[in-house]
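Each remark here refers to the structure printed beneath this line.
In our numbering, the protein residues as written are 1377 to 1905.
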C-alpha cells in the first residue's frame, strides 16, 4: 500500500524525539511513522545497555557456553562455536537469514521498524553495545531505508528474514534507498556519511530476534484504521443527514443502558457532529420510526470497532516497547535466559481484530451507500442524479464499493489460527503475525475507497435538501469535500474523484477540524490532542 507518509515533504529540520525505552507512546509512534521527528535515545537508557553488554562480554571472556553467544541457532543450538569464530557467526547468521521475497516494505514502516528495534535493544536485556543502537537511529535520521522484502516471516522466532535484510544494510550488504535512489547498501551508507557496522557477540541474533516488523506493520494498519474510523464516523453522519434519518437512536440514555464504552463514545460523537442542524430540525417531529440498521445501529457497530481498535492499540504500544529478543540478559543476576518473547501471538491477535474492524467499517459504509442510491428508501433521486436514465450517477461507484467490501471480508479471515512448523520442528507453532499485519494495508485502502465513495454520495444527497443547512461541523466537512470533488451534475469520469476521496480518508482530513470530543475517541490521535 502506498501511504501519504512514505516520505517527509518538509524541508525544515525536524525536531528531535527522545525515546524512553518502555515508555514510547502511541502518539510518538505515529510521529515516527509520519517522519516528523529525528530520533535520539534517552541518556537514562545507556546504563542498562552497558550492564547487559558487560554480562555478555564476561561470558565470552570466560568461555562459558550460552545459547546465542557461542552456539549455533535453532535446531543447531547444541553446536559449540570457538572464540575466534564468534564475529563470523553473527555475520553468517545475518547473511543466511536474508531470504525474504516480494515488494519492499514502505519507507514509513521501515522507519518505525528501526525505531522500535532500537527501543527494544535499549531495554537493556539484549547484551548489545550502545554503538549498535546508535547505528540503527543513524539510519533513520540520515534517511537510509533498508530494502526489506515484505514476505518471508512466520512471526516466530521473531521476524527473522525481514530483520536480517535490515541488518544487512547495517553491515554494508544488500540494498538501501537514500535520497530516492536504490543503491548497494555500502554505497547508500557512504552517501549518508555512515560506515558498515561490525557485529560483536550476540548482536546479529539480537537484531534478528524480535517482533518489530510485525509490530510496525500492525501499527501502520492501526493508524490507517483510525483514519478510516474517523472518516466512517463522519460519512455515517453525512448519510444520516442525506436521508433525513432520525437522531433518536443516538439518545445518550439508550447507550448508557447498555454500557459499552465504544458505543457510548460513538453516539456522543454523532450527536456533536449533528448539533445545530437545520436538516435535523426540519423533520424532528416526522412519523419516521425506524431507519435501516446501517443508519440506526451506527453506535453499536462502530462502537464495537472502536473498542477493538482501542484494545489493539494497547497491545501494540506494549509490544513496541518490549524486549522481544532471545535469549534475554538479566545483568543484575548475571543470567542469560532463553524464552519465547519473539513469538508474535499478541501482535497476530491485534492485527486480526484490526482487520475485523476495517472490514466492518467498510461493510456498514457500503450498506449506507446502497441506501442512499435507493430512492424508495432514501427519498432522494435515483442514484443521486437529477436526470436519471440519461445519467447513471453513483450506480457503478456503489458496485466498486461492494467489490472492495467483499474483498475485505475474505482478507479479514484470522491469520493467527494458522501455523506451520519450521526449523525441523523445533519451532513447531508460529503466529503468522507478519502476514496478518501486512494485509492491513490493503484492507485499509479498500475501506478508504468505500468510505470515501459514501461520503461523496452523502454530500451529493445533502445538496438536494438546500437551502436547509446541516450542522456547522458537517457544513465545514462538506466544504472540505467540495475542495476535492464537485457535485455530480451529469455523468463524468469519476475515477479521479474516487482517488481524491480515498486520500480524504487516509490523510486524516476527516478528523482535522473536529473538536477534541470527537478526536479524543481515537486511540492514538486522541492521545496527541
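In this text, a Cβ means the ideal position worked out from N, Cα and C, and glycines have one as well.
List the endpoints of the continuous beta strand (DSSP E) containing residue 1478. Within the chain shown, the letter at position 102 stands for residue 1478. Its beta strand (DSSP E) spans residues 1477-1480.
Could you tell me the alpha carbon to alpha carbon distance between residue 1621 and residue 1644, rounded to whole angstroms? For the purposes of this step, residue 1621 is taken as residue 245 along the chain shown, with counting starting at 1. For the purposes of this step, residue 1644 is taken as residue 268 along the chain shown, with counting starting at 1. Spanning the two alpha carbons is a distance of roughly 16 angstroms.
Beta-carbon proximity check, residue 1515 vs residue 1589, cutoff 8 angstroms: Taking the first residue of the chain shown as 1, we reach residue 1515 at position 139. Taking the first residue of the chain shown as 1, we reach residue 1589 at position 213. Not in contact: residue 1515 and residue 1589 (Cβ atoms no closer than 8 angstroms).
From 1619, 1554, 1464, residue whose alpha carbon lies closest to that of residue 1567: For the purposes of this step, residue 1567 is identified with residue 191 of the chain shown, where counting begins at 1. If we check each option's Cα against that of residue 1567, 1554 comes out closest.
Same chain, Cβ closer than 7 angstroms to residue 1417, five either side skipped, listed in chain order: Here residue 1417 is taken as the residue at index 41 of the chain shown, counted from 1. Same-chain partners within the cutoff: 1395, 1494, 1498, 1509, 1513.
What did DSSP end up calling residue 1808 once you bin it into helix, strand or coil? The sequence position of residue 1808 within the chain shown is 432, counting from 1. DSSP places residue 1808 in coil when its eight states are reduced to three.
Which residues in the same chain as residue 1687 place their Cβ atom closer than 7 angstroms to its Cβ, once the five residues preceding and following it in sequence are excluded? Here residue 1687 is taken as the residue at index 311 of the chain shown, counted from 1. Around residue 1687: 1729.
Secondary structure of residue 1461, DSSP reduced to three states: Residue 1461 sits at position 85 when you count from the first residue of the chain shown. In this structure, residue 1461 counts as helix in the three-state DSSP scheme.
If I follow the unbroken alpha helix (DSSP H) through residue 1484, where does it start and stop? To locate residue 1484, count along the chain shown from 1; it is residue 108. Note, residue 1484: alpha helix (DSSP H), 1483-1497.
Would you identify the three-state DSSP class for residue 1574, choosing helix, strand or coil? Numbered from 1 along the chain shown, position 198 holds the residue referred to as residue 1574. DSSP places residue 1574 in coil when its eight states are reduced to three.
What's the C-alpha gap between residue 1812 and residue 1724? In the chain shown, the residue the question calls residue 1812 occupies position 436. In the chain shown, the residue the question calls residue 1724 occupies position 348. Those two C-alpha atoms are separated by around 6 angstroms.
Taking the continuous alpha helix (DSSP H) assigned at residue 1553, which residues delimit it? For this step, residue 1553 is matched to residue 177 along the chain shown. Where residue 1553 is concerned, there is no enclosing alpha helix (DSSP H), although the beta strand (DSSP E) it sits in stretches over 1551-1554.
Could you please give me the residues that DSSP links to residue 1456 through a beta bridge? By 1-based counting over the chain shown, the position of residue 1456 is 80. Answer by DSSP bridge pairing, in chain order: 1447.
Sub-8 angstroms separation of residue 1618 and residue 1726 beta-carbons: For this step, residue 1618 is matched to residue 242 along the chain shown. For this step, residue 1726 is matched to residue 350 along the chain shown. Cβ atoms of residue 1618 and residue 1726: not closer than 8 angstroms.
Using the C-alpha atoms, what's the distance from residue 1599 back to residue 1654? Taking the chain shown and counting its residues from 1, the one referred to as residue 1654 is at position 278. Taking the chain shown and counting its residues from 1, the one referred to as residue 1599 is at position 223. For residue 1654 and residue 1599, the distance between alpha carbons rounds to 34 angstroms.
Does DSSP classify residue 1437 as helix, strand or coil? Here residue 1437 refers to the residue found at position 61 when the chain shown is read from its first residue. Looking at residue 1437 - three-state DSSP - the assignment turns out to be helix.
For residue 1545, which of helix, strand or coil comes out of DSSP? Taking the first residue of the chain shown as position 1, residue 1545 is located at position 169. In this structure, residue 1545 counts as helix in the three-state DSSP scheme.
Rounded to whole angstroms, what's the CA-CA distance from residue 1386 to residue 1408? Just pull it up for me. Residue mapping note: residue 1386 aligns to position 10 of the chain shown, counting from 1. Residue mapping note: residue 1408 aligns to position 32 of the chain shown, counting from 1. Caution is warranted here: a pLDDT of 44 is assigned to residue 1386, below 50, making its placement in the model unreliable, and no coordinate value can be reported.
Exposed or buried, residue 1459, counting other C-beta atoms within 10 Å across all chains shown (16 or more means buried)? On the chain shown, residue 1459 is found 83 positions in, with the first residue counted as 1. The residue in question, residue 1459, is exposed, as its Cβ has fewer than 16 Cβ neighbours within 10 Å.
When you compare the stretch 1769-1777 with the stretch 1822-1838, are there three or more beta-carbon pairs, one atom per stretch, that lie closer than 8 angstroms? yes
Per DSSP, which one or two residues make a beta bridge with residue 1417? Stepping through the chain shown from its first residue, residue 1417 is reached at position 41. BP columns for residue 1417 point to 1395.
Beta-carbon within less than 6 angstroms of residue 1596's beta-carbon, same chain only, minus the 5 sequence neighbours each way: which residues are those? Locating residue 1596 in the chain shown gives position 220, where the first residue counts as 1. The residues are 1485.
Would you grab the beta carbon distance between residue 1503 and residue 1705 for me? Rounded to a whole angstrom, and I think it's under 8 angstroms. The residue you call residue 1503 lines up with position 127 of the chain shown. The residue you call residue 1705 lines up with position 329 of the chain shown. Yes, they are in contact, since the Cβ atoms of residue 1503 and residue 1705 sit about 4 angstroms apart, within 8 angstroms.
Coarse secondary structure for residue 1862, derived from DSSP in three states: Here residue 1862 is taken as the residue at index 486 of the chain shown, counted from 1. Reduced to three states, the DSSP call for residue 1862 is coil.
Taking the beta carbon of residue 1627 as the centre, do at least 16 other beta carbons fall within 10 Å, making it buried, or is it exposed? Position 251 of the chain shown, counted from the start, is the residue given in the question as residue 1627. Residue 1627 comes out exposed.
Where does residue 1687 fall in DSSP's three states? Within the chain shown, residue 1687 is the residue found at index 311, counting from 1. Helix, per DSSP.
Give every residue of the same chain whose Cβ lies closer than 8 angstroms to the Cβ of residue 1703, excluding the five residues on either side of it in the sequence, and list them in chain order. What you label residue 1703 is simply residue 327 of the chain shown in a count that begins at 1. Cβ within range, chain order: 1442, 1443, 1444, 1712, 1713, 1714, 1715.
Please state whether the Cβ-Cβ distance between residue 1436 and residue 1462 is less than 8 angstroms. Taking the chain shown and counting its residues from 1, one reaches residue 1436 at position 60. Taking the chain shown and counting its residues from 1, one reaches residue 1462 at position 86. Yes, they are a contact pair.
Environment of residue 1656 [buried if 16+ CB atoms lie within 10 Å]: Numbered from its first residue, the chain shown carries residue 1656 at position 280. It counts as buried.
Taking just the CA atoms, how far does residue 1496 sit from residue 1699? Here residue 1699 refers to the residue found at position 323 when the chain shown is read from its first residue. Here residue 1496 refers to the residue found at position 120 when the chain shown is read from its first residue. If I take the Cα positions, the gap works out to 5 angstroms.
Could you check where the beta strand (DSSP E) with residue 1712 kicks off and where it finishes? As a working mapping, residue 1712 is identified with position 336 in the chain shown. Counting along the chain, the beta strand (DSSP E) containing residue 1712 begins and ends at 1711-1713.
Using C-beta distances below 6 angstroms, list every residue in its chain close to residue 1841, excluding the 5 sequence neighbours before and after it, in chain order. Here the question's residue 1841 lines up with position 465 in the chain shown. 1655, listed in sequence order.
Beta-carbon separation (whole angstroms), residue 1520 vs residue 1492, contact threshold 8 angstroms: Here residue 1520 is taken as the residue at index 144 of the chain shown, counted from 1. Here residue 1492 is taken as the residue at index 116 of the chain shown, counted from 1. Wrong, their Cβ atoms sit about 17 angstroms apart, outside the cutoff.
What are the boundary residues of the alpha helix (DSSP H) that includes residue 1732? Here residue 1732 is taken as the residue at index 356 of the chain shown, counted from 1. Run containing residue 1732: 1721-1749, per the alpha helix (DSSP H) assignment.
Leaving out the 5 sequence neighbours to the left and right, which residues in its chain are closer than 6 angstroms to residue 1577 when beta-carbon positions are compared? Taking the first residue of the chain shown as position 1, residue 1577 is located at position 201. Taken in chain order, the residues that qualify are 1432, 1436, 1445, 1462.
Rounded separation between residue 1384 and residue 1411 - CA only: As a position in the chain shown, residue 1384 is number 8, starting the count at 1. As a position in the chain shown, residue 1411 is number 35, starting the count at 1. Note that residue 1384 scores 42 on pLDDT, short of 50, meaning its location in the model is unreliable; the coordinates nonetheless yield the value given after this. Whole-angstrom Cα-Cα distance: 6 angstroms.
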